[in-house]
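Visitor:
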Amino acid sequence: MSGTSGYAFDNTSEHAGGRFDALETCYDPVTFARLTELGVGVGMRCLELGGGGGSVAGWLADRVGPTGSVLVTDIEPRWMDGLPERGNLHVLRHDISTDELPEDEFDLIHARLVLLHVPERLAALDRLVRALRPGGSLVLDEFDCGYVPVLASPWPGAAELFEKMHDAVMGVVTRAGADIHWGLHAYAALRGAGLVGVASSTYAESWRGGSPGSRLHQVNMRQLEGRLVEEGLTEEQLDRCLRLLDDPAFAVNSYPLITTWGRRP
Ligand SMILES: C[S@@+](CC[C@H](N)C(=O)[O-])C[C@H]1O[C@@H](n2cnc3c(N)ncnc32)[C@H](O)[C@@H]1O
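One rule links them: number in this note's numbering = place in the sequence shown (from 1) + 655.
1. Using 8 Å as the cut-off, can you tell me whether the region 879-899 makes contact with the region 685-704, which would need three or more C-beta pairs spanning the two stretches below that distance?
2. Given 6 Å as the limit, tell me if Gly737 has its C-beta closer than that to any heavy atom belonging to ligand 1.
3. Measuring alpha carbon to alpha carbon, tell me which residue in Ile764, Gly696 and Leu693 is nearest Val727.
4. Where does the unbroken beta strand (DSSP E) through Asp729 begin, and where does it stop?
5. Could you spell out the range, first to last residue, of the beta strand (DSSP E) harbouring Arg788?
6. Just confirm the distance between the C-beta atoms of Glu797 and Ala841, as a whole number of angstroms; I'd bet it's less than 8 Å.
7. What does a CB cutoff of less than 6 Å around Tyr858 pick up in its chain, not counting 5 residues either side in sequence?
8. Across the region 875-895 and the region 755-772, are there enough close Cβ pairs to call them in contact, namely three or more that are closer than 8 Å?
9. Could you tell me whether the region 855-874 touches the region 906-920, where touching means 3 or more Cβ pairs closer than 8 Å?
10. According to DSSP, which residues form a beta bridge with Phe761?
11. Rounded to a whole number of angstroms, what is the C-alpha to C-alpha distance between Pro903 and Ser808?
12. Report yes or no: do the region 726-746 and the region 677-697 share at least 3 C-beta pairs separated by less than 8 Å?
13. What does the Cβ neighbour count give for Glu775, buried or exposed, with the cut at 16 atoms within 10 Å?
14. Can you give the beta carbon distance from Tyr662 to Ala831, rounded, assuming they're within the 8 Å contact cut?
15. What do you get for Gly742, buried or exposed, if any count of 16 or more other CB atoms within 10 angstroms of its CB means buried?
16. Mind listing, in chain order, the continuous beta strand (DSSP E) runs of no fewer than 3 residues lying wholly within the region 665-739?
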């Protein structure tokens, strides 16, 4: 971790790869469809902020072609080491909380699930807006972590156990500086930062036990295990909850992914 970032899910952990796999499986199709609709195309100069495993950056690089370019940043970019070489894709270790960006540079800036974790998210947003060229677009994919109803529960008390575990995970990330409802706050924030044509769209689905979405919950729990015990969960509850998330009779609503976009005038 660098700078003042409070990122709770440190990418130096062995669990980060599992998190990126789950996020990419669950949300890349949604992100790619939205970016396509918004007109990402040949020749554009793009910034992918907090690129994680790099799937969106790779997709953007293919989309903009050799006349375009993609800069992908992360505080810990090691998970992008395996990306195929592309002449138009550049990886940069960068902390959006503290490090500068070039101004008036990008036609498109995209970030998925990054500003949610950045305590200084409004200052970071201003920096991103300044990095856009006039007419350039900012697109944020962010969660509202407050809407995760259990849809099917295989045994009495299973929903309550999941909710207790989820509340504990949210407690840890909130104390690290996350805004777990940032997806709901992004629209007003983009307007407040001076963008025009601000709009949003929300995607959600059911996640069965054993699905990639359930694995996202599992990997988050495993990475935070020690702190979840400090939050009051027992080892036995953690084990039962991990097994619940493997049970296909269990289902929970996915985190709603709220995509919000706007243009620099
Ligand atoms: C939940 S992951 C999402 C990864 C990727 N955007 C995705 O959706 O698949 C959050 C990512 O943001 C990065 N990150 C967290 N704080 C950051 C900061 N201050 N500056 C840049 N990247 C940051 C993390 O290292 C991590 O890769």
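Virtual Cβ for every residue (Gly too), placed ideally from N, Cα, C.
Guide: So, to answer that:
1. no
2. Answer for Gly737: no, Cβ out of range of ligand 1.
3. Ile764
4. Start and end: Ser724 to Asp729.
5. Annotation: the continuous beta strand (DSSP E) that includes Arg788 extends over Leu787 to Phe798.
6. 5 Å
7. Val685 and Leu912
8. No: fewer than three Cβ pairs fall under 8 Å.
9. yes
10. Leu787
11. 10 Å
12. Flag = no, the region 726-746 and the region 677-697 do not touch.
13. buried
14. 7 Å
15. exposed
16. 700-704 and 724-729
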